[in-house]
Structure formats: structure tokens, C-alpha cells
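Below is one structure, written out as C-alpha cells, with a few remarks after it.
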Amino acid sequence: MALARDGPGVAATAQAFWSQVHPVFMLPPLAASLFGVVLAGDLEPTLAAVHVVAIFAAVYTAHLKDGYVDFHVRGEDDDHPLTERGCRVGLVLSTATFGVCCLLLWLSVGWIAVALTLPTWVIAYHHAPQLDMNPITATTGYPLGIALSLLGGFYVQTGTITAVPLGFALVFLVLLSGIKVVDDAQDYDYDRSIEKRTVAVTVGPQRAHAVAYGLMVTALFVVLGFAVARVFPPTAILAALAFAAVAAIAYRTGPDLATMLLVRGSYVFLAVLVAAVWFEPLAAIG
């Protein structure tokens, strides 16, 4: 049986599997893992690579499973490049890759490294059709995966967790949850028709809008508070200001444009935080 719906052959199959790589949503979890390395200060390249590959495998699993459910199970999407068998084969391969990475982390670092990494796959695999039917898990699944990616990236380098990575993980969890609420609002009409309980469906679009920006504002104030308390570098305030400028523009737009602006604003936010830590090492703050 063919794995790709466009036809048999190595090229068609490879293209179908490659189509499930979505850089816009895959890059933040990978970048979060590497940000954990930056926070750690010291780099062990092999361990960093293993953790990044594990996170990639988890996110790839999420996209495969989500596409499989939306097209082959729910009939929600108009098309999908992989057959049902192709989706299953892809899930086996991505899960096996993730498993190998976890085994390497266990042998090289310890069980806590695996305990911080394994939930990312659990969230990815169960996002559809389980977690995406509840307003809390539908909203926090992706942000929680990114927060865990950051903590795992830090832990595999240091063998410990400190207040700094925990603080950044909290900020990403809250900020990205706000963005996710806006993102889900794009599909309000359809989600309501299939009784998919996103925040927008549960409380209505206007209240969801307030919830989303309330979460984002809270995250930015957390950054300011940690910077004032010298937990974060003082220059982390620049990251908060940069994202606030983007959010102020997005606030007056519709969900589609707002999502595009906020996702890219989160890239700027992360980039400025990386620069703040890179050029002003946390160890020097006292």
C-alpha cells in the first residue's frame, strides 16, 4: 500500500513526509531547547543535539497525528498528503526516534532528563483528538511543550534546575498561552459547530480576546518583575517592550492577522532574551 496519497515512489513519499515539517510552529520548541543551553552557559554539543532531535520528533509527531485526525478521522481538512498507513508509519518512526533520544538522555544524563522530555511527546501525541477538546489543555499544550523544552535543554547541560530557567519557562507558558487563545479564535465558527471547546467557544470571542491579552500582559509584567529582582538580566526588559509593541498593533486586528503578528513577535521576544542572556551572563549578576 502507498504511503503518499499523490502516488507511489520514493520522491512522492519523501515529499509527503516532508510536508509535515511546519517551520513556523516547529522552530519555537527547538529554539527553546537551545535557549536552555544558552541559560546553562556551558555547551555539551552532543547532549544538546540529542535533546533538540527529541523535541523535533515530538513536534513532528504532533503534526502527523493532528493531520491524521483532522483528515482521516474527523474529515475536517480538505486534503492530506499521507494515507492512513503513511500516517501510522510516520508516527512509528517519529516515536522510535524520540524513544532512542530518551534512552540516550537516560544513559548520558539520568532519568530526570527523560522525565522533563517525555511529556513533550505525550502532549504531542494526545493533542488530537483528546487534549484539543478541552479549553485548558487545548490552550496550554503547545506552550507547556515549549516550557518543558527549555527546562530540558537546561537540565541536560547542567544536571539541575534553577530559578532562572523556571522563571523563563513560566513566562513562555503564560505568554504563548495568550497567543494560542488568539490563534484558536480563528476557527471559532467551525470549532463551535463540532463542539470543540476552545477558550473562544467556551467564553465567547470577546472574552477570549480579553483573556488572551490579559495572559500576555501578565507574562510581560513577570519579565519586568524578574528583571527588577535581578533574576533576569535587566536588558530582558527590552524583550518585553519589543513584544508589547507588536501586541499593541495586534490588539486592534482580527484573529488571523493578530496570530501572524503575535507568533512573529514571539520570535523577536525570544531573540532579544537570547541576546540579553548571551551578552550579559546571569552568573555575573549579583
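Under the numbering used here, think of the first position of the sequence shown as 164, with each following residue one higher. Note that beta-carbon positions come from the ideal geometry of N, C-alpha and C, so glycine has one too.
Cut-off 6 Å between Cβ atoms - residues of its own chain near residue i, not counting five sequence neighbours on either side
i	result
residue 375	341, 344, 345
Nearest residue (CA-CA) to residue i, options the options
i	options	result
residue 398	442, 380, 359	442
residue 249	261, 363, 400, 235	235
residue 382	347, 322, 367, 339	339
residue 386	370, 331, 349	331
residue 410	222, 422, 363	422
residue 280	214, 294, 254	214
Through-space distance from residue j to residue i, alpha-carbon basis
i	j	result
residue 237	residue 182	20 Å
residue 449	residue 393	Model confidence at residue 449 stands at a pLDDT of 40, short of 50, so the residue's coordinates are unreliable and nothing is read from them.
residue 242	residue 273	42 Å
residue 226	residue 207	29 Å
residue 388	residue 379	14 Å
residue 165	residue 188	28 Å
residue 219	residue 186	11 Å
residue 266	residue 316	16 Å
residue 354	residue 360	7 Å
residue 362	residue 368	8 Å
residue 229	residue 192	17 Å
residue 194	residue 300	22 Å
Residues near residue i in its chain [Cβ-Cβ closer than 8 Å; skip 5 each side]
i	result
residue 420	413
residue 427	409
Terminal residues of the alpha helix (DSSP H) in which residue i lies
i	result
residue 207	Looking at the DSSP string, residue 207 is not in any alpha helix (DSSP H), and its letter there is neither H nor E.
residue 247	247-271
residue 131	Given that the chain is displayed from residue 164 to residue 449, the structure contains no residue 131 and the question cannot be resolved.
residue 384	368-391
residue 344	326-348
residue 294	Note, residue 294: premise wrong, no alpha helix (DSSP H); not H, not E.
residue 432	418-442
residue 412	399-413
residue 282	274-289
Cutoff 7 Å; reference residue i; Cβ partners in own chain excluding five residues on either side
i	result
residue 174	none
residue 446	In this predicted model, residue 446 has a pLDDT of only 42, less than 50, meaning its place in the structure is not dependable enough to derive any value.
residue 282	311
Residue i - partner residues in DSSP beta bridges
i	result
residue 167	245
Heavy atom of the ligand NAP within 8 Å of residue i beta-carbon
i	result
residue 172	This structure does not include the ligand NAP; it has no bound ligands of any sort.
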